[in-house]
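Here is the structure we will look at, set down as structure tokens.
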Amino acid sequence: MCVLRISGQNLNVEKLILLIDQKPVSIYRKGEPYLKSKPNGRKNKTSGINYNVSNASFDDLEKQIKDAIKFIKKYKAQIAEVTFDELVDGSTLDFGIDLRIGYQNVAIQADSFPSELLKLLGELNIDLGFTLYPPDLENQIEARADKKDK
34 MCVLRISGQN
44 LNVEKLILLI
54 DQKPVSIYRK
64 GEPYLKSKPN
74 GRKNKTSGIN
84 YNVSNASFDD
94 LEKQIKDAIK
104 FIKKYKAQIA
114 EVTFDELVDG
124 STLDFGIDLR
134 IGYQNVAIQA
144 DSFPSELLKL
154 LGELNIDLGF
164 TLYPPDLENQ
174 IEARADKKDK
């Protein structure tokens with residue numbers, strides 16, 4: 034999964050949503066609860082919008098990259114209007130990647146990104162990010178839930 038994340042302290046998400054012809058997967062506003070299930074809990078420190086760029090699985094980085102290049106090329110002018118808005122503090126294209134170290138006898142993990150993608154991101158003032166997920170994440174979440182239930 035690959036997500037374009039755009040945020041800012043004083044970001045006008047309602048304005049920016051109209052600039053990209055793609056429905057955001059999430060919208061959050063400064064001062065609102067971080068978790069809707071905990072209205073009295075932690076509050077968002079910034080406002081932001083997230084766009085789904087690729088639905089490819091965590092173990093298919095190559096497909097995520099192809100989808101990302103296609104998405105950026107398709108929406109390049111619209112993305113530029115958003116990422117160069119004076120109220121945007123940061124934009125990141127975040128790739129979700131399977132953590133391979135410690136699984137299936139993998140000792141090191143190295144992934145690379147093509148210059149075509151890096152050039153597009155640089156032109157649009159977008160950072161490259163990646164988030165590592167353990168392949169057994171669902172099992173870990175279930176185990177934690179089971180512990181809480183006991």
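Residues 34 to 183 (our numbering) are what the sequence shown spells out, left to right.
In this text, a Cβ means the ideal position worked out from N, Cα and C, and glycines have one as well.
Computed from a predicted model, the values in this text were never measured in an experiment.
{"Check": "When you compare only the Cα positions, how much space is there between R62 and E47?", "Outcome": "10 Å"}
{"Check": "When you compare only the Cα positions, how much space is there between T79 and L132?", "Outcome": "29 Å"}
{"Check": "Is it buried or exposed, A140, if we count other Cβ atoms within 10 angstroms and call 16 or more buried?", "Outcome": "exposed"}
{"Check": "Which one of E119, P72, P66, N88 has the shortest CA to CA distance from I39?", "Outcome": "E119"}
{"Check": "Give the secondary structure of T116 by DSSP, where H, G and I count as helix, E and B as strand, and everything else as coil.", "Outcome": "helix"}
{"Check": "Select from Q111, Q137, E95, A143 the residue whose C-alpha is nearest the C-alpha of C35.", "Outcome": "E95"}
{"Check": "From G162 to N43, what distance separates their C-alpha atoms?", "Outcome": "23 Å"}
{"Check": "Roughly how many angstroms lie between the CA atoms of S124 and K56, to the nearest whole one?", "Outcome": "17 Å"}
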